[in-house]
Structures are given as structure tokens and as C-alpha cells.
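This report refers to the structure that appears directly beneath it.
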Amino acid sequence: MDKRFDTNEAAAYLGVKPKTLWEWRNRTPIPLPCYRISKRRFMYLKSDLDNYLAQCRIDIPCHLGVSND
């Protein structure tokens, strides 16, 4: 069974503030998937969070990466 997170747990898992999850749910081209439990409570599945991050991933070519100088 997939791990379930409330808003604070999901934010901690992703390393962001809970307000960021609200913005990702409502203001991004790729909405963050979640389940509305009540008017102000949401539930997130770990697999949905992982898939969301994978969809938002940007690959940077090595020659544009950070210099080790």
C-alpha cells in the first residue's frame, strides 16, 4: 500500500513549506495531485509526490553545470 501524507508531512518529505504545496496544487502548469479530505485538509500519496517531481525535473547538460574551481 502507498504511504499517505498529510500536508505537513508531504511538505517535509519534499523539503518545502506547506504553503508551497498549495501553490503547486493551484498555480502551476502541472498541478500537484492530492485528495481533498475536507475543506482544508488534503492527503498526498508518496507515489504521486515522486511522480510529480519526476515530471518537473530539468536535466542540465554537464558543460552547463557548476564549476569546481
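Counting from 1, position 19 in the sequence shown corresponds to residue 19 in this note's numbering; the numbering is continuous, with no gaps. Glycine included, every Cβ here is placed at the ideal spot set by N, Cα and C.
Item, Value
"Specify, as a first and last residue, the run of the beta strand (DSSP E) that residue 45 falls within.", "42-45"
"In three-state DSSP terms, what is residue 57?", "coil"
"Applying the criterion that 16 or more other CB atoms from any shown protein chain within 10 Å of the CB defines a buried residue, is residue 10 buried or exposed?", "buried"
"Could you give the residue range of the alpha helix (DSSP H) that holds residue 25?", "18-26"
"With DSSP as the reference, identify every bridge partner of residue 35, one or two as the case may be.", "43"
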